[in-house]
Amino acid sequence: MPFGQPNLYLQLSQILEWEIWNHNQTRAALCTELARRAETETEIHMKGQELERWKESCHIVYTALDEHRAENVSLKLDVEALTAELRHRRELQVQPKVECSTPHLEPDYDGGRDLEKLHKPQLSEDEHTSSWRLGFIRDIDDHFNGSAMSTVRNNQLSGS
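Residue numbering for the sequence shown follows full-length UniProt numbering, starting at 1 and increasing by one per position.
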């Protein structure tokens, strides 16, 4: 081999070394890209599952919202109906009441003092009434009024 000629073996070795280094660099970049692709696909899959869960949740929420809206409309209608009924009842209360006429009773102007006359038995001493009934009435009168006069009369009647 002459001195000025290039060493072909050395040149081929350098080229081969360069190609191996270049191949390794490309292979490393390719492995990095494959790893990034796998991570991205995993992330896409997880995001897809999360999106499906969100869709299901949204569907449930919108269904519940529709039910609540329907219930709200129903309750508003019920409130309107009850308000109308309450208004009607108040109108009925405000209207003057019609008094029933009772020809045999006069209006009570003395605060019920005449009622005592109506409820007390009108018995005279010479009236023929059975003694047990008269005694029963007197006992009731004694009980409510505590009247000593009733007791005296009762004793007089039972003695005669």
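In this text, a Cβ means the ideal position worked out from N, Cα and C, and glycines have one as well.
Excluding five sequence neighbours on each side, which residues of the same chain lie with their C-beta closer than 7 Å to the C-beta of residue i?
| i | result |
| --- | --- |
| L16 | none |
| H88 | none |
Quick one: what's got a C-beta closer than 8 Å to residue i's C-beta in the same chain, skipping five residues either side?
| i | result |
| --- | --- |
| S13 | none |
For residue i, which residues in the same chain have their Cβ closer than 6 Å to its Cβ, ignoring the five residues on either side in sequence?
| i | result |
| --- | --- |
| A84 | none |
| L8 | none |
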